[in-house]
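Trainee: The structure that follows is given in the form of structure tokens.
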Amino acid sequence: MADMLKKIPGINQKFVDFYREVFKDGVLTLKQKELIALAVSLGAGCEPCYETHLEKARKLGNTEEEIREAIAVAEVISSGKVRMMVERVEEREKNSGGCCG
Numbered sequence: 010m011a012d013m014l015k016k017i018p019g020i021n022q023k024f025v026d027f028y029r030e031v032f033k034d035g036v037l038t039l040k041q042k043e044l045i046a047l048a049v050s051l052g053a054g055c056e057p058c059y060e061t062h063l064e065k066a067r068k069l070g071n072t073e074e075e076i077r078e079a080i081a082v083a084e085v086i087s088s089g090k091v092r093m094m095v096e097r098v099e100e101r102e103k104n105s106g107g108c109c110g
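When you line the sequence shown up against my numbering, it's residues 10 to 110, in that order.
Set out below in structure tokens:
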């Protein structure tokens, strides 16, 4: 991401400012936010994001149990998305008489 931000300098500082504002202690602690970021990274399929937030979550003192629970949340939400897609496709196939209409 750093390379991309260098190519768009006008947006770079705005993104950095936004990131810093979001990733500071607030109602949620930074420790909690990193667990959220870790789970969202998995749901988004962003492996570099996941690696980054996994490392940060550990550095902030999240236990392996907390990390595994956040991963489980990401998995269950993602599996729900898959299940819903399958149900929609099956319903369309049922109504159209096949997969290709």
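We put the CB at the ideal spot given by N, CA and C, even for glycine.
How would you write the range of the alpha helix (DSSP H) that serine 61 sits in, first residue to last?
Mentor: The sequence as given places threonine at residue 61; serine does not occur at that position. Where threonine 61 is concerned, the enclosing alpha helix (DSSP H) stretches over 56 to 68.
Trainee: For serine 50, collect the residues of the same chain with a Cβ closer than 6 Å to its Cβ; drop the 5 residues on either side in sequence, then sort them by chain order.
Mentor: Cys58, Tyr59 and His62
Trainee: Spatial neighbours of glutamate 43 within its chain, please: C-beta separation below 6 Å, excluding the five flanking residues on both sides.
Mentor: These residues qualify, in order along the chain: His62, Lys65, Ala66 and Leu69.
Trainee: Kindly indicate which residue of Glu84, Asn21 and Asn104 has the alpha-carbon position closest to the one of glycine 54.
Mentor: Glu84
Trainee: For asparagine 104, does the count of other Cβ atoms within 10 angstroms reach 16, so buried, or fall short, so exposed?
Mentor: exposed
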